[in-house]
Amino acid sequence: MEMLLAQAAETTISVAAIGKGLVYGLAAIGPGIGIGLIFGNAIQAIARQPEAAGLVRPIMFLGFALAEALALLGFVLFFLIT
Amino acid sequence: MNLAAAPGFHVPPVSELFEFRPIFSFAVGGIEFHVTFITLLMFGLTFLLAALFVAGFRRATVIPGKLQNALEAGVDGVREQIVAPILGSDSERFMPLLTAMFFFVFAMNFMEIIPPINFPISSRMAIPAFFAGLSYVIFNYLGIKNQGPIKYFKGILFPPGVPKAIYVILTPIEFMSTFIFRPLTMAVRLFANMMAGHVMLTIFFLASAYFLYRADSLFLKVIFPGPFVLSIILVGFELFIGLIQAFIITILAAVYIQGALHPEH
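Those protein sequences? They're chains Y and G, same order as listed. Heads up, the first sequence is in numbering that gives the first Met the number 0, so the first residue is 0 and it goes up one at a time. Heads up, the second sequence is in numbering that gives the first Met the number 0, so the first residue is 0 and it goes up one at a time.
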């Protein structure tokens, strides 16, 4: 009985470890795509119209910050899972 | 159980990597303050940076000396790359704040790769949290002062040019993103990057030492140059990350300040 309990505890720990890894990995997919789109399109915009760089840059960083927020929430969750 | 904890190879737990024994402690009004090596290092860096700037610019000459030249290049970089493109005509007002922020954060990140220290001070949450809180207070104060409280909050929560029905979902999103996620992500971004970098360097250097000295198999001893060379490259990568993170936290502070000064029409 005790051995079974110890085994169950070990399983819970390893499941939590897998969960931790998965949480951040999955949370990084969407923001990764989003940040790529944001910077790619900002580069295109600036390349097509260099005068617009001053207008594009703040918006680009705002969008980047907002998209990365999701990945960072995943990072915080990583610590919350025990 | 993780792979790194396989028999023989011991990776120190996070608490061992990031917690320091207090050198001395004192209490003010029931709140205990623990002064660790990191606290002292942070104050030391503050004074070092201040002394460097004073020494460089106190007697500024038209033909700059070596120190003045280097510092001017740094300040000019901050002005041309971060402040001027975003704040435009307001940039001179915020140059002192943003320059200090950039250099201080960069100096703290830089400690990661200074041999006897090898600890990024900004991987302690209090420091990124302070910078995030500082810029949060500043941009809200500037927005309320420049536009008046009603117009400021209306501009953020009900951005113009949107069909009325959209406000049902847009207003909560804008509220969360501006007042909660902005400071939270600003702090967590710097903290997470520096912490991950520190853990990564620790694991790579420990692994190369383990491969060479402690592992039993000859195969691990033969492939030892792999992780060793990679960890040296990663030190350079960490320098780059430290610079990028200092850049990003400064540019985000500038973007938030600009948004508070000049709302979208």
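Built from N, CA and C at the ideal position, the CB exists for glycine as well.
| Buried or exposed (CB count within 10 angstroms, at least 16 for buried), residue 192 (chain G) | buried
| Are the CB atoms of residue 30 (chain Y) and residue 70 (chain Y) nearer to each other than 8 Å? | yes
| Is it true that the segment 131-145 of chain G meets the segment 176-183 of chain G, where meeting means three or more beta-carbon pairs spaced less than 8 Å apart? | yes
| query | Checking contacts by CB at 8 Å: is residue 66 (chain Y) closer than that to chain G? | reply | no
| In chain G, which residues lie with their C-beta within 9 Å of the C-beta of residue 56 (chain Y)? | 84, 85, 250, 254
| request: Determine the contact status of residue 226 (chain G) and residue 246 (chain G), defining contact as a CB-CB distance below 8 Å. | output: no
| Among the residues of its own chain, which have a CB less than 7 Å from the CB of residue 41 (chain Y), if the five just before and after it don't count? | 55, 59
| said: Against chain Y, with Cβ distances strictly below 8 Å, would residue 262 (chain G) count as a contact? | reply: no
| message | Report the CB separation of residue 137 (chain Y) from residue 187 (chain G) in whole angstroms; it is logged as a contact under 8 Å. | response | Because chain Y here runs from 0 to 81, residue 137 (chain Y) falls outside it and cannot be looked at.
| task | Mind checking which residues open and close the beta strand (DSSP E) that includes residue 30 (chain G)? | result | 30-34
| field | Cβ-based burial, residue 22 (chain G) [other Cβ within 10 Å; buried from 16] | value | exposed
| query | Cβ of residue 19 (chain G) within 8 Å of Cβ of residue 30 (chain G)? | reply | no
| query | At a Cβ cut of 7 Å, what residues of the segment 17-48 of chain Y count as close to chain G, listed as they run along the chain? | reply | none
| said: By alpha-carbon positions, which one of G:118, G:108, G:117, G:159 ends up nearest to residue 243 (chain G)? | reply: G:108
| query | Per DSSP, what kind of secondary structure is residue 216 (chain G) in: helix, strand or coil? | reply | coil
| The alpha helix (DSSP H) spanning residue 27 (chain G) covers which residue range? | Taken as a continuous stretch (DSSP letters only), residue 27 (chain G) belongs to no alpha helix (DSSP H), being part of the beta strand (DSSP E) at 23-27.
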